[in-house]
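What follows is a set of notes on a single structure, which appears directly below.
Residue numbers (my numbering): 87 to 255.
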């Protein structure tokens, strides 16, 4: 079940994100995010424009998706948003990422967003396949700028314009 995130979900959201840090393939963060940092992040997301959604299985949060400002404070970019999603290690490859992303695509225009941007590492092949499945295209390639403990990789920007996406769903 997908629903808006609540403050009580923050420990699970943070655990899932820190699993991504450990993976060294799903985020460029090298250090865990503390609960205080996650709390501040959550306070910057509001349901009016930049919500966070969670996916629950048997009452447990096993995945989440956030809509965040792209280049915060630059009003000319208000119709673009960065979307991030993370799935608990034990629940990957079960279609949860697909469900969260599809939910996002179907609903994001209600937040005034026309352009979805996902920023990821080129070694995150699972996310690349997922994004391409939903019509995202590579909009930018930043070669060899990421150093994950000596493993050099590239940063990718994948994008989708929502009026086009909704015709494909």
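From the three backbone atoms N, C-alpha and C, an ideal C-beta is built for every residue, glycine too. These numbers come from a predicted model, not from an experiment.
* Asked: With contact counted as at least three CB pairs below 8 Å, one residue from each stretch, are the segment 111–122 and the segment 218–226 in contact?
  -> no
* Out of 152, 104, 129, state which residue places its alpha-carbon closest to the alpha-carbon of residue 170. => 152
* Asked: When the Cβ atoms of the segment 111–118 are set against those of the segment 175–191, are three or more pairs found closer than 8 Å?
  -> no
* Could you have a look at residue 103 and say whether DSSP puts it in helix, strand or coil? => helix
* the segment 197–212 / the segment 140–150 touching (three or more Cβ pairs under 8 Å) -> no
* **Where the beta strand (DSSP E) containing residue 230 begins and where it ends** => 223–234
* Inter-residue Cα distance where the pair is residue 102 and residue 173 -> 6 Å
* Classify residue 106 as buried or exposed, calling it buried when 16 or more other Cβ atoms lie within 10 Å of its own Cβ. => buried
* Asked: Cβ of residue 249 within 8 Å of Cβ of residue 238?
  -> no
* With a 10 Å radius around its C-beta and 16 neighbouring C-beta atoms as the bar for buried, classify residue 213 as buried or exposed. => With 16 or more Cβ atoms within 10 Å of its Cβ, residue 213 is classed as buried.
* When the Cα atoms are used, what is the spatial distance from residue 90 to residue 236? -> 37 Å
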